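Residue numbers (the working numbering), protein chains in the order written: chain A, 612 to 736; chain B, 242 to 819.
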Amino acid sequence: MAHTKVLLVDDEKEFASALAERLQLRNYDVKSASNALEALGIVHSFLPDVVLLDLKIPGMDGIETLKAIKKFDSTIEVIMLTGHGDVRSVEDGMKSGAFEYIMKPVDIGELTLKINRASQKKQTS
Amino acid sequence: MKNMKQKFSNLLRDIFHPREIFRVLGKDRYASLKIRIVLLDVLLSMIPLFIVITISYFWFQKILKDDFHKQLNWEIQNTKQTIEFFVDERLSVLRFITSSYTYEQLSDQKILTETFARFKKEFGGLVDFGIIDSSGIQRSYTGPYNLAGKDYSTQEWFQEVIIRSYYVSDAFTGYRKIPHFAVAIKREVPEKGTFWILRATINIDTLQKYVNTVNLRSNDDIFIINREGILQTPSKFHGDVLEKYTAPVTIPRQEILIQELQTSGDDCKICGFATIKHSPWILVTVIRSTPYARIPSIFRNELFFITMGSILLGLIFTIVMANTVVNRIKLSDQDREKAVGQSEHASKMASIGRLAAGVAHEINNPLAIINEKAGLMKDILEVSGNTPDNKDKFLSLISGIAESVNRCRTITHRLLGFSRRMEISQDAIDMNDAIQEVIGFLEKEILYRNIRLELNLQENLPKVITDKGQVQQVFLNIINNAIDALKKNGLINVTTYAKDDKFIGIAIKDNGSGIPKENLKHIFEPFYSTKEKGEGTGLGLSISYGIVQKLGGTILVESEINKGTTFSVELPLKSEGD
């Protein structure tokens, strides 16, 4: 079975690189982007299974990025990362087709569980 | 003792440097309000009081004057009647003699001398008696001079007595140069178709005694003149008997005439003229003193005490009233300040709530980094064990963790600083630093909303002695509003500049949708908000306005629809606020 392809979108590069490395250690194929435009570019070329998307990123609003990804390929599952417990944004995200959300700081076990579930959902769809 | 000395020296300073008092009054607006109320009230109430007092003063003076005129008239009348009685009495006596004795009897020197002696005893001042026949020749005479045989036929008085049957002469000096006057009575002898005359001479001193009965002040004068103005009795100021009285004389048509003359100098102020019946005389009264002009001291004292009493009462009432009013104002001001203070506190709390969300987000990020780096270290240890190869990797991860901890520390310090600055303080602050700190709170928000921030901070900006916390709250409010007003691709420009050597200015400009004119005039009003319910307290700008005013500065807003809004705050280098 091929590795699950994960795109990590977060403007905190330190966070993104550490988390990416941890996910790689767990056999995920991980790429990261620090803004919306870069993320959409990678979505096009890399075709990830799951996108971990921070809701607050420079360039474009997180929700709009989510909509753009879903528009490009509705089977790509998006897990929202939120650092500030903004209930309204999470609600908007879920309505716009996000699979799940997870609060920062992230528990790696919970995250991998959610990625796997998202990946399974994509496989079946 | 030391305290007393201090008080005394303060009193001296106040007396010699009254400006100090005004300086203190100028500072204490309640005291100056009190003084203004008292002055205005005293002025308003004292003007009618003084008008009433002045009117009653003059009214009373007029009454006194009228009274004085009446009194004078009465006295002149009295004197006139006394003198007329005197003249009439002399005429009656002569008439009695002429009817009691015949011409022949009185032509007898002896009988005439006896009669003269008898009457001289009764009536002082008699000088002589003479009997004159119808041809004007003095037939007999008794007296100090040798006038028997003197011919009076050509004299004016002789003609007069023939016509009127009595005669009273002007004053004249006889041989001894003693002034006297003559009285004559004609006695008809119808059976012989002839007449004779009894003539008596009387010393003028006798008349003077009657004139002197009037009670006058030392400045006043009373005397008798004849119709030619020749003095018949001596005058205090116009000379002796037979001298000319030079002042104008008005012969009264009625019995008495009182004239008031507005002349300066020694001339009379009030002149009374009265004709004496059966004589050629005019009684003249000259009043130079004006006793009515000096309101009697009793009345003056009463008036003074009433005035002073009214002023004192008015002043006490005014002061008590001003005190009550100003104290009420002071209390309501204090209440208002308290209410403003409370709403300021509410606004601070609202700002803090807003900050807390931002801070939670900001702290979450470094926490997430620490979490991931620590997790990665654990992962590496679990996968490959503690090998020397991992040392560099670990060091880099640890320094990343330390850096994130520093980030957290900066945030917590900033937050602590903000809460500490809620206490009022006065520090010399660099406005550029203060603004950078405020922007530090908001930069994530600015970044996420994709807002461009331009800073034109003037270098070497003079330091401002003011309350940093309050100033920062103002900028936090204004920049927050700007962020809320901006959509995508917004621009916020913050400019600082030294306006002059007393003020510095801070302009915060956005290119948002602008504020409609009808809203612009309300934006500094408390609880005015155009944000959705629950989004804003409506207090931010009103409190900012209050703070800037309190710090002695100004806050201005200019806005144009679809072009943006500029808030300009100007602050004094030395804040006047407390």
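Even for Gly, the Cβ is constructed at its ideal location relative to N, Cα and C. Given the structure is predicted, the values throughout are model-derived calculations rather than measurements.
Quick one, which of the options has its alpha-carbon nearest residue i's?
i      : options                        : result
B/I438 : B/L347, B/L727, B/T395         : B/L347
B/F327 : B/F337, B/I466, B/K450, B/L608 : B/K450
B/T320 : B/K728, B/E496, B/E623, B/D708 : B/E496
B/I639 : B/I426, B/P629, B/E613, B/G793 : B/E613
B/F478 : B/R440, B/K275, B/T526, B/D446 : B/T526
A/L634 : A/L722, A/E702, A/Y712, A/V701 : A/L722
B/I463 : B/I523, B/T653, B/I724, B/T487 : B/I523
B/N760 : B/Q302, B/V798, B/K743         : B/V798
B/G781 : B/V455, B/K740, B/F716         : B/F716
B/Q350 : B/F546, B/Q318, B/V334, B/N387 : B/N387
B/V430 : B/Q400, B/K743, B/T339         : B/T339
A/L636 : B/I296, B/D620, B/V566         : B/D620
B/E269 : B/L694, B/T354, B/V567         : Here residue 269 of chain B is Asp; the residue named in the question, Glu, does not match the sequence. The shortest C-alpha separation from B/D269 is found at B/V567.
B/I796 : B/I719, B/R277, B/L696, B/Q302 : B/I719
B/L332 : B/K427, B/S394, B/D282         : B/K427
B/N866 : B/V705, B/N697, B/T807         : Any answer about residue 866 of chain B is impossible in this case: the structure gives chain B only from 242 up to 819.
B/P489 : B/D307, B/S375, B/Q500         : B/Q500
B/L284 : B/S341, B/G555, B/D742         : B/G555
B/L608 : B/S573, B/R650, B/P493, B/S520 : B/R650
B/Q667 : B/V705, B/I676, B/L696         : B/V705
Give the DSSP-derived three-state secondary structure of residue i in the structure shown.
i      : result
B/Y407 : strand
A/T693 : strand
B/I802 : coil
B/H843 : Only positions 242 to 819 of chain B appear in the structure, and residue 843 of chain B is not among them; the question remains open.
B/E501 : strand
B/I621 : helix
B/E603 : helix
B/K758 : helix
A/E688 : strand
B/S333 : helix
B/P493 : coil
B/P385 : coil
B/M562 : helix
B/G775 : Because the pLDDT of B/G775 is 47, which lies under 50, any placement of that residue in the model is unreliable, and the number read from its coordinates should be weighed accordingly. Coil, per DSSP.
So residue i packs on residue j, CB below 8 Å; how close in whole Å?
i      : j      : result
B/I788 : B/M672 : Actually they do not touch by this definition, with Cβ atoms about 15 Å apart.
A/S628 : A/S645 : Actually they do not touch by this definition, with Cβ atoms about 10 Å apart.
By how many angstroms is the C-alpha of residue j removed from the C-alpha of residue i?
i      : j      : result
B/I687 : A/D622 : 14 Å
B/K774 : B/A726 : Model confidence at B/K774 stands at a pLDDT of 45, short of 50, so the residue's coordinates are unreliable; what they give is reported in the following sentence. The straight-line gap from Cα to Cα measures roughly 16 Å.
B/I610 : B/K758 : 48 Å
B/Q473 : B/I445 : 8 Å
B/T343 : B/N460 : 51 Å
B/K275 : B/I784 : 30 Å
B/C512 : B/S410 : 25 Å
A/A729 : A/F710 : 7 Å
B/T548 : B/L290 : 8 Å
B/I692 : A/V698 : 23 Å
B/T653 : B/K246 : 55 Å
B/T737 : B/E678 : 14 Å
B/G377 : B/L502 : 46 Å
B/S625 : A/D718 : 22 Å
B/S286 : B/R541 : 21 Å
A/I690 : B/S800 : 43 Å
B/A358 : B/Y393 : 24 Å
B/R380 : B/F360 : 20 Å
A/L619 : A/P659 : 10 Å
A/L616 : B/E695 : The sequence shown places Lys at residue 616 of chain A, not Leu. Cα to Cα, A/K616 sits roughly 40 Å from B/E695.
Short of 7 Å in beta carbon distance, which residues of its chain neighbour residue i, apart from the five on each side in sequence? Order them along the chain.
i      : result
A/M647 : Per the sequence shown, residue 647 of chain A should be read as Ala rather than Met. If we look at A/A647 and ignore the five residues flanking it on each side, its Cβ neighbours are I668, G670, M671, T676.
B/I560 : V279
A/A679 : L651
Please work out which residues of its chain come closer than 8 Å, Cβ to Cβ, to residue i, disregarding the five sequence neighbours upstream and downstream, and give them in chain order.
i      : result
A/F683 : L651, V654, H655
B/M590 : none
B/K804 : N752, G755
B/S297 : L544
B/W315 : none
B/K362 : none
A/E625 : none
What do you reckon, is the C-beta of residue i under 7 Å from a heavy atom of the ligand NAD?
i      : result
B/G710 : This structure does not include the ligand NAD; it has no bound ligands of any sort.
So, for residue i: in the same chain, excluding its five sequence neighbours on each side, which residues have a beta-carbon less than 6 Å away from its beta-carbon?
i      : result
A/S700 : L666
A/G708 : K681
B/I324 : Y451, I517
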